[in-house]
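Asks: Pasting a structure here, questions to come.
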Amino acid sequence: MKVALFVTCLVDQFYAEAGVAAVRLLRSLGCTVEFPPGQTCCGQPAYNAGYWNEARQMADHTLEVFEHADYVVLPSGSCTTMVRAFYPELYRDNPRAFARASGLSGKTYELAEFIVKVLGITRLGQGLAGQRVAYHHGCHALRELGIKDEPVALLRNAGAEIVDWPAATECCGFGGLFSVKLPEVSLGMADRKLSTLPEIDVLTSADGGCLLHLSGRVHSRGLPFPVRPLASVLWEAAQKPAVGSGA
Amino acid sequence: MEVKSNDYPRESARVIREEPHVRESVTGATLNFDSRRRAAYAEVDAEGWRHFAEGVKNHVLMNLDHYLEQAAAALERGGIRVHWAEDAEDAQRIVAALVREKGVRRAVKAKTMISEELGINPLLESLGVNVLETDLGEYIIQLLEQPPSHIVGPAIHLNLEQIRRLFHERFGTPLDAAPDTLAAAARKLLRQGFLEADLGVSGANFVVAETGTLVLIENEGNIRLSTSAPRLHVALVGIEKLLPRFSDLSVFLTLTARAATGQRLGTYVSLIQGPRRPDETDGPEEVHVVFVDNGRSSVLADLEAWETLRCVRCAACLNACPVYRQTGGHAYGYVYSGPIGAVLSPGLVGLENTKPLPYASSLCGACFQACPVRIPIPKLLLTWRHRAVEEGLTPRFEKAALKGYALAMTQPWAYRLASKALRLLPEKALDNTVVPVLKAWVEGRAGLKPSPRSFRELWESGEV
Ligand code: SF4
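The listed protein sequences correspond, in order, to chains A and B. Quick note: the first sequence uses the working numbering, first residue 99, plus one each step. Quick note: the second sequence uses the working numbering, first residue -16, plus one each step.
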């Protein structure tokens, strides 16, 4: 299967290792991975801030870069949502562009979702055996796209114990520009979310923004666990073949 | 009510810094409401009901002129006098005329947000009327001279200690009084109020157009008393509160209760179809309904914002909102707070007076999932943000930054250049507390550091 990786700007700049992990993971699952070099940012920051003309410019650009791909896979829930749910919105008044955006929308997937739904794989390996993992559900992937079970299943099937986290589906307070427009509120939300964590070995999420925000907060407060991108954790999961898989 | 929403950024930060007990009280109470709401939704086909409720409300809004006429005629048939108020001043004039004409001295109020919106308390007081709020929470904040901080639980920002202290000072209850003791102390005073009042002021949850029925849901019994004990009852009703048929109540009564408090039904449901009849012993001599527009018809005419008017004021969106949870309602600077306030207030009192409200959200979408009438609040927030941009209401540097960003992101070479530049910054540059945006980020979030080499570099060097 041929996959075009949309690495997203935050992963490109701040979590390059997650991009690498995503590529290796997809290849190990039999995909051919391409990296269209023209790609930049999906435009979500502009869209969420109300700058729809600017967001449309970025959407135009991204459409050109990706519309010829078979599948587009992103190691980011909210950027996936931008392409899949909000690009068509942006072109409500432009039937031609709307059709193009809908075409791209239909073949765009978040990484874990792609592995489970398109590749039909739910077991990556046993590399997370014994680890207590907290999974932060990014709001857009969860509520706009309904991605909830896929990442958790992949983690659990790799031997991780997904800890019972009362606020697992609560917003972490990132929200893009929100995090700097209303920093006190944003940090208060992170603190509330983090305060409900049980003891864990790692906190992971599919969203670069949430990760930057949460890891910054974890850092500031000196909390004793790493905050890692889902792609990296899933690649780790695949490192140890499942018992009896014959590998 | 005065609109102070433009202070939201400062006020929200201040509440978080200086009044940590507010966050604690509001978080505890809203989480409790929200988990009860979830449980109550899970018992039924909530999705089906929400779609039904959305459909009924849409139908009403699309045919509002018809249903208002039908409702007015039906109410009048039942002996209820109907008034029309285009704005707050109009409503005040109508209420003032009634007060003068009927010689009102004492009024009891059943919890109503619209009376807050219309400034009815100050009006009554200016007319020399003694006003008593009869909802326990409302009564408490009346004593403290504060506005409500939540649609359903107006005193949600206070903790038990604060209420104990207040009651100790006012009524001499012990400082460690049990909540029941406090309620009993208030009840004694309120009882007397009901008996002495000559005017009862209420809102309405619904008005059934078909039958001319005012519907009021509550838990304390104070609404029933306020609307039946005094000789005069005035109900202030937003024009969007209509339901077409009596049978619609079968879903709306229980769905609203489930959404608001997780109850299957409110403890008291009052259906009012007129004043006391000659053969009845209870009830007011006169019932007046004031249908209030006050900005609603312009929201209705707004093709991108009209859905806001489906709202039944259950506060489920407030309870679900992690942003609201941080501050409670006062920071929003207007009677309607939380997610619904953030999309309704700009429509009612103008975006220029409520600029920060559409940004008072991380767009997490929890509000939409909770809303019993499926108001697409995140989409509405985005719509108001977009309008703020179009109308030039956003900060100039933000506009410039976003334009520059869009330019860079549509030119791959510019993106590459920016990516290189990010890595050439001196080690400490990102800990910068001089650049406002960075300062807002790094104060509280340590260790912002780009990857040593971007993914693109790794890919292009063939290392992936
Ligand atoms: S917007 Fe929906 S959830 Fe919020 S108060 Fe109105 S009806 Fe309730």
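Glycine included, every Cβ here is placed at the ideal spot set by N, Cα and C.
Between which two residues does the alpha helix (DSSP H) carrying B:T210 extend?
Replies: Element bounds for B:T210: N205 to S211.
Asks: Taking only heavy atoms of the ligand SF4 into account, decide whether any of them is closer than 7 Å to the Cβ of B:V356.
Replies: At least one heavy atom of the ligand SF4 is nearer than 7 Å to the Cβ of B:V356, so yes.
Asks: Does the CB of A:N146 have a neighbour CB from chain B at under 8 Å?
Replies: Yes, A:N146 counts as interfacial toward chain B.
Asks: In the DSSP assignment, the alpha helix (DSSP H) including A:P281 goes from what residue to what residue?
Replies: Per DSSP, A:P281 belongs to the alpha helix (DSSP H) from P281 to S293.
Asks: Just to make sure I have the definition right: I need the residues of chain B whose C-beta is within less than 8 Å of the C-beta of A:R230. Which are they?
Replies: The premise fails here: A:R230 is roughly 23 Å from chain B at the closest Cβ pair, so nothing lies under 8 Å.
Asks: Closer than 6 Å by C-beta to A:K338: which residues in its own chain qualify, once you throw out the five before and the five after it? Chain order, please.
Replies: Once the five neighbours on either side are set aside, the close Cβ partners of A:K338 are G223, Q224 and G225.
Asks: Given 7 Å as the limit, tell me if B:A74 has its C-beta closer than that to any heavy atom belonging to the ligand SF4.
Replies: Checking the Cβ of B:A74 against the ligand SF4 gives no.
Asks: Just the C-alpha distance for B:R397 and A:H234, rounded to the nearest angstrom, thanks.
Replies: Reading the sequence as shown, one finds Ala at residue 397 of chain B and not Arg. Those two C-alpha atoms are separated by around 33 Å.
Asks: Please tell me whether B:R296 has its Cβ less than 8 Å away from any Cβ of chain A.
Replies: It does not; no Cβ of chain A falls within 8 Å.
Asks: How would you label B:D452, buried or exposed, when you count the other beta carbons within 10 angstroms and need 16 or more for buried?
Replies: Coverage of chain B is limited to positions -16 through 447, which leaves residue 452 of chain B absent and any answer about it impossible.
Asks: For a contact defined as C-beta to C-beta under 8 Å, what are the partners of B:G427 on chain A?
Replies: Under the 8 Å cutoff, chain A gives P281, L285, G314, R315 and S318.
Asks: Extract the residue ranges of the beta strand (DSSP E) inside the segment 24 to 78 of chain B, only unbroken runs of 3 or more that lie entirely within it.
Replies: 64 to 68, all fully within the segment 24 to 78 of chain B.
Asks: Below 8 Å between beta carbons: does that hold for A:E165 and A:R125?
Replies: No, the pair does not count as a contact, with Cβ atoms beyond the cut-off.
Asks: Spatial neighbours of B:E426 within its chain, please: CB distance less than 8 Å, with the 5 preceding and 5 following residues excluded, ordered by chain position.
Replies: Same-chain partners within the cutoff: T416.
Asks: I'd like to know whether the C-beta of A:M180 is nearer than 8 Å to at least one C-beta of chain B.
Replies: No - not a single Cβ of chain B is within 8 Å of the one on A:M180.
Asks: For A:R315, does the three-state DSSP call read helix, strand or coil?
Replies: In the structure shown, A:R315 sits in a helix (DSSP, three-state: H, G or I).
Asks: Of the residues B:L158, B:A167 and B:L208, which one's Cα is nearest the Cα of B:F177?
Replies: Closest by alpha carbon: B:L208.
Asks: What does the Cβ neighbour count give for B:E26, buried or exposed, with the cut at 16 atoms within 10 Å?
Replies: Under this definition B:E26 is an exposed residue.
Asks: Can you name, in chain order, every residue of its own chain whose Cβ lies under 6 Å from the Cβ of B:R(-3), other than the five neighbours on each side?
Replies: For B:R(-3), where only same-chain residues beyond five positions count, there are no Cβ hits under 6 Å.
Asks: Classify B:V448: buried if its beta carbon has 16 or more other beta carbons within 10 angstroms, exposed otherwise.
Replies: Look at the range of chain B in this structure, -16 to 447, and you will see that residue 448 of chain B is not part of it.
Asks: Which residues does DSSP pair with B:Y251 in a beta bridge?
Replies: According to DSSP, which records beta bridges pairwise, B:Y251 is partnered with B:E201.
Asks: Can a CB atom of chain B be found closer than 8 Å to the CB of A:R244?
Replies: Here residue 244 of chain A is Gly; the residue named in the question, Arg, does not match the sequence. Not closer than 8 Å to any Cβ of chain B, the Cβ of A:G244 fails to qualify, so no.
Asks: How should A:H159 be labelled, buried or exposed, when 16 other C-beta atoms within 10 angstroms of its C-beta is the threshold for buried?
Replies: Label assigned to A:H159: buried.
Asks: Tell me whether A:A345 is buried or exposed, calling it buried when 16 or more other Cβ atoms sit within 10 Å of its Cβ.
Replies: Because A:A345 sits at a pLDDT of 43, beneath the cut-off of 50, its placement in the model cannot be relied upon, and the following sentence gives the value as read from the coordinates. Label assigned to A:A345: exposed.
Asks: Closest Cβ-Cβ distance between B:P(-8) and chain A: below 8 Å?
Replies: Yes, contact with chain A.
Asks: Got a sec: is the Cβ-Cβ distance from A:R326 to anything in chain B below 8 Å?
Replies: Not an interface residue.
Asks: Where does B:E152 sit, in a helix, a strand or coil, going by DSSP?
Replies: In this structure, B:E152 counts as helix in the three-state DSSP scheme.
Asks: Find the nearest neighbour of B:T310 within the set B:R(-7), B:D276 and B:L226, judged by alpha-carbon distance.
Replies: When only C-alpha atoms are compared, the closest one is B:R(-7).
Asks: Short of 8 Å Cβ to Cβ, which residues in the segment 204 to 217 of chain B face chain A?
Replies: Answer in chain order: no residues at all.
Asks: Below 7 Å on C-beta distance, what does B:V418 contact in chain A?
Replies: Residues of chain A passing the Cβ test: none, with the nearest at roughly 10 Å.
Asks: Is the Cβ of A:W333 closer than 8 Å to any Cβ of chain B?
Replies: Taking Cβ atoms only, chain B never reaches closer than 8 Å to A:W333, which makes this a no.
Asks: Just how far apart, CA to CA, sit B:E440 and B:F235?
Replies: Rounded to the nearest angstrom, the two C-alpha atoms are 58 Å apart.
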